[in-house]
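Our numbering applies: residue 7 is where the sequence shown begins, and numbers increase by one. The C-beta atom is built at its ideal place from N, Cα and C for all residues, glycine as well.
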Amino acid sequence: MNNFYQLISKASILTCFFCLCLSNSYAQQGPLNPDRNQPVPSFAPFYHGVASGDPLANSVIIWTRLTTDSLTADVDFTVALDTGMTSVVASGTFMTDASIDYTVKIDVTGLIPETYYYYEFEYENRRSIRGRTKTLPVGDVDSLRFAIVSCSSYGHGYFNAYRRIAERNDIEALIHLGDYIYEYENLGFGTTRNVEPINEILTIDDYRMRHSHYKLDSDLIAVHQQYPVISVWDDHETANDAWNGGAQNHDASEGSWADRKAAGIQAYHEWMPLRTPDVSNEERIYRRFQYGDLLDLNMLDTRLIGRSEQGTDNGLLGTTQYNWLINNLTTTSAQWKLLGQQVMMAPLEIFGIAFSQDQWDGYPTERNNLYNDILTNNVEGLVVLTGDIHTAWGQDLPRSTYDPNTGANSVGVEFVTASVTSPGLPIPIGQFLIQSQNPHNKYVDLDDHGYMILDVNKQRAHCDWYFVDDINNPSNNESWAQAWCNNTGTRHLVQCNSASVANPKYDVTPAPDAPRPVVVSTTQVDPNAPVMLGTYPNPFTEEFQLQVYMNTTASTTISIFDQNGKQITQFVRDDLHRGVNVIPVQAASLAPGIYHIVIQQGNSLQSKPIIKK
């Protein structure tokens, strides 16, 4: 995301005023709590939980990740109509290995529209936790409901917003608008909680380990277990303020930008339940979801595939994506046209100066072209969903003749979600300053964290902002803040007096049981044993890294054995902390072949194979 602190230099007139507030933004302190991402023994070997995503009317992606001591593994999957997994509609086997980081991603087809499904995975007589997903409706649809999130920095606090969403049981899907992970080094970007690897992530192995670290979080596991996710990346899935040819947080000393971008993209496709729109081009992530006659959801990439460098005004979407979007907007029969995208579309100016060239303000030509095409083709029902900026906004999309009193000459509306955890900008007079300079802005909150609920029916698109009370500690508390609506046949916002109420169709009778872990093996997993989550890279040439969760801080012995069981080397580490550790191992002297890495702590042993090229 174009975080406020790095953007301040791009709007010098604001620097002195805003810098007074930075110490407050960085003052979010909290203890390191390793239990937050402690692998649950009963989840073994599917420690990272399960997920589903990119639902269509007749198919959905299901996902998990296997932690195994095999070089290759066949993972079974089952999809059923009931929580007891008796009414099976699909099953099969998926082979995984180190080339895809032992992830498992399956496109389950032949499903029924607007139907709940349950799914699980099995390996060597151990089952994963059971996930729930839902297919898209077709035809006449009366109402729909989504949760919308963005900007979930692990290092800045607890994902309490994810947990509150997981408990709602009243949404179709979770829409994640980017910054699912962050690339910064440990305690970088003002964070106060450790992440692994501790370095700024640059390589495919780094990105894989960071995704692994995030997906051990219990709140993230919970929300993925309950709903399908429709996601796009923003910049931190690669590097801050990224564009097609570079990024603010990348320089020549960090290697090739093309290689780093490709690494971030590859890891994202491996670790997210995403249906790749074009298998020949993993850089393309923009795609469309059709919810009957009520709405189309166009998920855009305003970050990597078409964006020119900030300040050049040469294009944000790129020609191919832009034409794809206009065709979708002008040919659909859906009442509402939703754009899920990353950076703020409405202008944000202070004393006549655009606050950020990283937002659509930095690409005014393409924004004007988009507005002109929308109005020329009489596209109605435009609702833009935005993340990135760590703050909450409700605003019209104004033309030059916009009337803030009536909403006349607005193209559509924009709802911007607050961050899950990433720091906002708690300026005491920030709301007054912004709204006095930007009359199209109807609502802004600069400091709170949470999510949006978008409730859409044939009369209006209603957006509720919900905020959690704390990110420094686990908390069950949230509050409703405000609601703004776009009524059918208009292009501007009006304030709503109360939160939306879910359609009774979400009160499933009987209500779906919460998916829960089912362990069928009699093999017990030592809850105090280290958990070897991965070896990177595999195969390796000179050095590899072990990603290991340590349940205790006791002395740990690491050994390397060859295929014949002969010990090649051994060393002891007394400095490993409780939680996720990344341990580098130099092994350039080993001959090419297959080896076994063994970690021993007391009577507990964990092993993993690795290949030396």
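Counting beta carbon pairs with one atom in the region 118-128 and one in the region 151-160, are three or more of them shorter than 8 Å? no
Is there contact between the region 535-546 and the region 593-605, where contact requires at least three CB pairs shorter than 8 Å? yes
Just reading off the alpha helix (DSSP H) that S595 is part of, what are its end residues? Locating residue 595 in the sequence shown gives position 589, counting from the first residue. Segment: none, S595 is in no alpha helix (DSSP H) and carries neither H nor E.
With distances taken Cα to Cα, identify the nearest neighbour of G317 among G368, S218 and I459. In the sequence shown, the residue the question calls residue 317 occupies position 311. The shortest Cα separation from G317 among G368, S218 and I459 belongs to G368.
Leaving out five residues on either side along the sequence, give the residues of the same chain with a beta carbon under 6 Å from the beta carbon of T74. Indexing the sequence shown from 1 puts residue 74 at position 68. Contacts found: P51.
Those residues which DSSP pairs with P590 across a bridge: Locating residue 590 in the sequence shown gives position 584, counting from the first residue. Bridge partners of P590: Q551.
Check whether the region 569-588 and the region 40-48 touch, using three or more Cβ-Cβ pairs below 8 Å as the test. yes
Under 8 Å between C-beta atoms of S641 and D580: The requested residue 641 is not part of the displayed model; the chain covers only 7 to 619.
Rounded straight-line distance, which links the Cα of M215 to that of H446: In the sequence shown, residue 446 corresponds to position 440, counting from 1. In the sequence shown, residue 215 corresponds to position 209, counting from 1. Near 42 Å, if we compare the C-alpha coordinates of M215 and H446.
Counting pairs of beta carbons, one from the region 283-293 and one from the region 305-313, are three or more of them closer than 8 Å? yes
Would you be able to state if there are at least three C-beta pairs under 8 Å between the region 139-155 and the region 170-177? yes
For C491 and I459, what's the separation of their Cα atoms in angstroms? Within the sequence shown, numbered from 1, the residue matching residue 491 stands at position 485. Within the sequence shown, numbered from 1, the residue matching residue 459 stands at position 453. So the two alpha carbons sit approximately 12 Å from each other.
Based on Cα-Cα distance, which residue from T244, R133 and I207 lies nearest to G184? In the sequence shown, the residue the question calls residue 184 occupies position 178. It is T244.
Who pairs with I68 in a beta bridge, going by DSSP? Here the question's residue 68 lines up with position 62 in the sequence shown. In DSSP, I68 forms a bridge with S58 and I112.
Relative to the alpha-carbon of T547, which residue among V507, I616, D299 and C469 has its alpha-carbon at the smallest distance? Residue 547 sits at position 541 when you count from the first residue of the sequence shown. Closest by alpha carbon: I616.
Which first and last residues belong to the beta strand (DSSP E) in which L301 is found? For the purposes of this step, residue 301 is identified with residue 295 of the sequence shown, where counting begins at 1. Per DSSP, L301 belongs to the beta strand (DSSP E) from L301 to M305.
Which listed residue (H54, A167, R71 and I106) has its alpha carbon closest to that of D476: Taking the sequence shown and counting its residues from 1, the one referred to as residue 476 is at position 470. Out of H54, A167, R71 and I106, A167 has the C-alpha closest to the C-alpha of D476.
Helix or strand or just coil, what does DSSP make of M215? Looking up residue 215 in the sequence shown gives position 209. Helix.
With a cut-off of 8 Å, do at least 3 Cβ pairs link the region 421-431 to the region 102-122? no
K572: buried (16+ other C-beta within 10 angstroms of its C-beta) or exposed? Along the sequence shown, read from residue 1 onward, the residue named residue 572 stands at position 566. So K572 ends up on the exposed side.
Can you list the beta strand (DSSP E) stretches of 3 or more residues lying completely in the region 459-524, in chain order? 466-474, 484-493 and 500-502
Would you kindly work out how many angstroms separate the C-alpha atoms of V390 and A508, rounded to a whole number? Sequence index remark: in the sequence shown, residue 390 carries index 384 (1-based). Sequence index remark: in the sequence shown, residue 508 carries index 502 (1-based). Taking the straight line joining both Cα atoms gives about 21 Å.
Could you give the C-beta distance for W342 and L381, rounded to a whole number, given that I count them as a contact under 8 Å? The sequence position of residue 342 within the sequence shown is 336, counting from 1. The sequence position of residue 381 within the sequence shown is 375, counting from 1. Going by Cβ atoms, the distance from W342 to L381 rounds to 17 Å, so no, they are not a contact pair.
Suppose only complete runs of 3+ residues qualify. What are the beta strand (DSSP E) ranges in the region 270-299, listed by chain order? 293-297
Is the region 60-76 touching the region 229-237 in the sense that three or more CB pairs, one from each, lie closer than 8 Å? yes
Between which two residues does the beta strand (DSSP E) containing D451 stretch? The residue labelled residue 451 in the question sits at position 445 within the sequence shown. First-last of the beta strand (DSSP E) with D451: N447 to D451.
Could you compute how far the alpha carbon of G251 sits from the alpha carbon of S262? Looking up residue 251 in the sequence shown gives position 245. Looking up residue 262 in the sequence shown gives position 256. Straight-line Cα distance between these residues: approximately 10 Å.
Between E276 and the rest of its own chain, which residues show a CB-CB distance below 6 Å, the 5 nearest in sequence each way excluded? Taking the sequence shown and counting its residues from 1, one reaches residue 276 at position 270. The residues are I106, D107 and T109.
Short of 6 Å in beta carbon distance, which residues of its chain neighbour S29, apart from the five on each side in sequence? Order them along the chain. Numbered from its first residue, the sequence shown carries residue 29 at position 23. Legend: pLDDT at S29 = 27, less than 50; position of this residue unreliable, value from coordinates given subsequently. Result list for S29: empty, nothing under 6 Å.
Judging by CA-CA distance, which residue of L222, S218, A414 and R266 is the nearest neighbour of D241? On the sequence shown, position 235 is the one that residue 241 refers to. Residue R266 is the option with its Cα nearest to D241.
Rounded straight-line distance, which links the Cα of T563 to that of P590: Walking along the sequence shown from the start, residue 590 turns up at place 584. Walking along the sequence shown from the start, residue 563 turns up at place 557. Straight-line Cα distance between these residues: approximately 14 Å.
Please name the residue in N131, P203, E120 and H182 whose C-alpha comes closest to that of L142. Here residue 142 is taken as the residue at index 136 of the sequence shown, counted from 1. Checked all of N131, P203, E120 and H182; the closest Cα to L142 is E120.
Less than 8 Å between the CB atoms is what I'm expecting for V229 and L193, so what's the real figure, rounded? Translated into positions along the sequence shown, residue 229 becomes position 223. Translated into positions along the sequence shown, residue 193 becomes position 187. Contact doesn't hold; Cβ gap of about 26 Å is too wide.
Find the nearest neighbour of I177 within the set I112, P45 and S506, judged by alpha-carbon distance. Residue mapping note: residue 177 aligns to position 171 of the sequence shown, counting from 1. Of I112, P45 and S506, the residue nearest in Cα terms is S506.
Buried/exposed call for T70, threshold 16 Cβ in 10 Å: Counting from one through the sequence shown, the residue named residue 70 turns up at place 64. Burial call: buried.
Using DSSP with H/G/I as helix, E/B as strand and the rest coil, what is Y124? For the purposes of this step, residue 124 is taken as the residue at position 118 of the sequence shown. In the structure shown, Y124 sits in a strand (DSSP, three-state: E or B).
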